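Worksheet: one structure, shown below.
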Amino acid sequence: MAVFFTFALTAGSLKEQSTMSRLSIKHREQKGIGYEKGYSSGDLFLAPIWRHDFLPFANLRFHVMNDGRFAFNGGLGLRCPMTDSCIFGLNGFYDYRSADDLSPSQIGVGFEALTDLFDIRLNGYVPFSDDTFFKRYPAYIHGQTASYKEEASAALPVVNGELGVPFFERCNAFFLYAAAGPYYLFQRRTHGFSLGGSWGGEARLSATLSKILQVECAVTYDKIFQTTVQGMLALRMPLGPRNLGRQGANDVLCSLITQPIVRHEIIPIQDPERNMPLLNPLTGKPAHFVIVNKVQDLKRAEVESKEGDILYVDYNDGDLYSGTLTLKPKQILHSSALPFISGGSGFLASSPNQFPHIESVIFADNTQAAGFNIKNVTFKGKNVVLAFSEIENVVVTDAQADVSFTAQNSVFNSGLDLKIHDEATMTAQMIHCRAKGSACFECFDQASCDVR
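Note that my numbering gives residue 786 to position 108 of the sequence shown, counting from 1, and the numbers run on in steps of one.
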């Protein structure tokens, strides 16, 4: 931009000017690139009345979207004649947009070459500050599976170019203008989402009546936002001294050096969402649930469930689930008293702190349970985890059994609470656990106990 100032200051050509400022009121209807609603705008173009050939200017635009959100553009620029019919210009803008989940800002720079026969425009936009958003919703069970929704939003960097062709003289009572060009939405990644990364094209056709009223139709297409078709209606008014003649005041509306800055006004935001399966923390595969909400369902769940299933047990008004439940390897026994969390998502407890009562549970290899009142617990496998439960009688029967009491268990009985038989080994990690009644652990025969 300094080059333009240097050239302009040495040009030496002076001329009288009428007003060089104007106000435009416009409305654009239907969605566009990266926004879903139309908007209304006030566009203020301010330039000094002076005798130099070059023209510095300020451009302020305020937009109110149809959904009540708003956006703003504020920029400075310089236009400098190279010849009588060719003008080069540079501009820089700060843009802001208020959206549902984020409120990004961006810096935009533009270059333009304006002539009597054609116009060339190049613009680039780089968002910053509050320009990404991510949200993961709680999971929900549907049938025997569970899933959760994730949302991401990001403001996309863009470059675009345009070649415009005027029909008739710009200051005619009827003026027609057509323009078209490509744009590119740069790729961004956030929380596993890939956004942007698409070429697109846009075209527009506008007609201006009496230099005051402008009607425009614009069409865009890219693989992200698909086809958009917009209509725009604008009313343009010169700003200047009242004693200026009508023709002199209107020159600002059609002069080559005071043509509107053409650029993308609204920061494009892509906001995809996706449904993800809730994973079983033991298998890493999509979780398969067996729902137990009646006393008689417990045995059915044992028969119908498979290795790696999750048995989700309801409180059932505190009624005792009688009989013995034998878990299969890699099964999880989880109650409605506790939230179920896996991989950063999960679902809330349906009956918080109301622990279902089960008469007896036998644990196999790599099994887990949480949130129960269990009268009799038998461990017959390795890597067993029992947490947030109240247990009366605990027996470890198999050799090489490995049990972890990982969090906030209550073990109580009038007799011995943990009985380790035969050649079994046990590592009991007692973290915030309570023991009532008598000694917690007793090892028989060749058993080995490591209590921490």
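By construction, the Cβ of each residue, glycine as well, lies at the ideal position given by its N, Cα and C atoms.
As the structure is a computational prediction, the values presented were derived from the model and not from experiment.
Report the three-state DSSP secondary structure of Ala979 (helix, strand or coil).
Taking the first residue of the sequence shown as position 1, residue 979 is located at position 301. The answer is helix: DSSP assigns Ala979 an H, G or I state.
Closer than 8 Å by C-beta to Ser1014: which residues in its own chain qualify, once you throw out the five before and the five after it? Chain order, please.
By one-based count along the sequence shown, residue 1014 stands at place 336. The residues are Tyr990, Val991, Asp992, Tyr993, Ala1027, Ser1028, Ser1029, Gln1032, Pro1034 and Gly1049.
Chain-order list of residues whose beta-carbon lies under 6 Å from that of Asp797 (same chain, five-residue window excluded):
Counting from 1 along the sequence shown, the entry for residue 797 is found at position 119. If we look at Asp797 and ignore the five residues flanking it on each side, its Cβ neighbours are Gly842.
When you compare each of Thr898, Lys1060 and Val1039 to Ile1052 by their alpha carbons, which one comes out closest?
For the purposes of this step, residue 1052 is identified with residue 374 of the sequence shown, where counting begins at 1. Closest option to Ile1052, Cα to Cα, is Val1039.
When the Cα atoms are used, what is the spatial distance from Leu738 to Asp949?
For the purposes of this step, residue 738 is identified with residue 60 of the sequence shown, where counting begins at 1. For the purposes of this step, residue 949 is identified with residue 271 of the sequence shown, where counting begins at 1. Their backbone Cα atoms lie some 28 Å apart in a straight line.
Counting C-beta neighbours from all protein chains within 10 Å, is the total for Ile1010 16 or more, i.e. buried, or is it exposed?
Here residue 1010 corresponds to residue number 332 of the sequence shown, with the count starting at 1. Buried.
Determine whether the beta carbon atoms of Pro946 and Leu834 lie at a separation below 8 Å.
Counting from 1 along the sequence shown, the entry for residue 946 is found at position 268. Counting from 1 along the sequence shown, the entry for residue 834 is found at position 156. It is a contact, given that the beta carbons lie within the stated cut-off.
Restricting to Cα atoms, I'd like to know which of Lys827, Gly1059, Phe811 and Phe812 is closest to Tyr818.
Counting from one through the sequence shown, the residue named residue 818 turns up at place 140. When only C-alpha atoms are compared, the closest one is Lys827.
Using CA coordinates, which residue listed in Leu701, Pro955, Leu768 and Glu829 is at the minimum distance from Arg673?
Because the chain in this structure spans residues 679 to 1130, residue 673 falls outside the shown range and cannot be described.
With distance defined between alpha-carbon atoms, name the residue in Ser1020, Val940, Asp808 and Glu840 nearest to Arg954.
Your numbering for residue 954 matches position 276 in the sequence shown. Looking at the sequence itself, residue 954 is Met, so the reference to Arg does not match. Checking every option, the nearest Cα to that of Met954 belongs to Ser1020.
Is Leu913 helix, strand or coil by DSSP?
In the sequence shown, the residue the question calls residue 913 occupies position 235. Correct three-state label for Leu913: strand.
Exposed or buried, which one is Gln974 when buried takes at least 16 other CB atoms within 10 Å?
For the purposes of this step, residue 974 is taken as the residue at position 296 of the sequence shown. Exposed, by the Cβ-count rule.
For Leu934, which of helix, strand or coil comes out of DSSP?
Here residue 934 refers to the residue found at position 256 when the sequence shown is read from its first residue. Residue state, collapsed to three classes: helix.
Cα-Cα, which of Gln1046, Leu917, Asn1071 and Ile1069 is closest to Asn1061?
To locate residue 1061, count along the sequence shown from 1; it is residue 383. Of the candidates Gln1046, Leu917, Asn1071 and Ile1069, the one whose C-alpha sits nearest the C-alpha of Asn1061 is Gln1046.
Report the rounded CA-to-CA distance for Phe846 versus Ser831, giving the unit in angstroms.
Within the sequence shown, numbered from 1, the residue matching residue 846 stands at position 168. Within the sequence shown, numbered from 1, the residue matching residue 831 stands at position 153. Cα to Cα, Phe846 sits roughly 44 Å from Ser831.
Determine, using beta carbons only, whether Phe771 and Gly752 come nearer to each other than 8 Å.
In the sequence shown, residue 771 corresponds to position 93, counting from 1. In the sequence shown, residue 752 corresponds to position 74, counting from 1. Yes, they are a contact pair.
Give the secondary structure of Asn1061 by DSSP, where H, G and I count as helix, E and B as strand, and everything else as coil.
Locating residue 1061 in the sequence shown gives position 383, counting from the first residue. Three-state DSSP puts Asn1061 in coil, outside helix and strand.
Assuming the contact rule is C-beta atoms closer than 8 Å, Asp721 and Ser699 should be a hit. Round their C-beta distance to whole Å, please.
Indexing the sequence shown from 1 puts residue 721 at position 43. Indexing the sequence shown from 1 puts residue 699 at position 21. At roughly 11 Å, the Cβ-Cβ gap does not stay under 8 Å, so Asp721 and Ser699 are not in contact.
Run through the DSSP bridge pairs and tell me what Arg706 is partnered with.
Residue 706 sits at position 28 when you count from the first residue of the sequence shown. Its beta-bridge partners are Tyr717 and Met910.
Among Phe1066, Thr823, Arg729 and Arg814, which has the Cα closest to the Cα of Phe871?
Counted from its first residue, the sequence shown places residue 871 at position 193. Cα-wise, what sits closest to Phe871 is Arg814.
Give me the Cα-Cα distance between Arg941 and Cys758, rounded to the nearest whole angstrom.
Residue 941 sits at position 263 when you count from the first residue of the sequence shown. Residue 758 sits at position 80 when you count from the first residue of the sequence shown. The alpha-carbon atoms of Arg941 and Cys758 are separated by roughly 19 Å.
Inspect the beta-carbon positions of Ala749 and Ile944 and report whether they are closer than 8 Å.
In the sequence shown, residue 749 corresponds to position 71, counting from 1. In the sequence shown, residue 944 corresponds to position 266, counting from 1. Cβ atoms of Ala749 and Ile944: closer than 8 Å.
When DSSP labels each residue in this structure, what does Gly875 get in the three-state scheme?
Here residue 875 is taken as the residue at index 197 of the sequence shown, counted from 1. Note: Gly875 maps to coil in three-state DSSP.
Who are the near neighbours of Ser888 in its chain, counting only those whose CB is closer than 6 Å to its CB and skipping five residues on each side?
As a working mapping, residue 888 is identified with position 210 in the sequence shown. Result list for Ser888: Ala851, in chain order.
Going by DSSP, what residue range makes up the beta strand (DSSP E) through Cys849?
Reading the sequence shown from its first residue, position 171 is the one you call residue 849. Looking at the DSSP string, Cys849 is not in any beta strand (DSSP E), and its letter there is neither H nor E.
Which word fits Gly746, buried or exposed, when buried means at least 16 other C-beta atoms lie within 10 angstroms of its C-beta?
Walking along the sequence shown from the start, residue 746 turns up at place 68. Looking at its Cβ environment, which holds fewer than 16 other Cβ atoms inside 10 Å, Gly746 is exposed.
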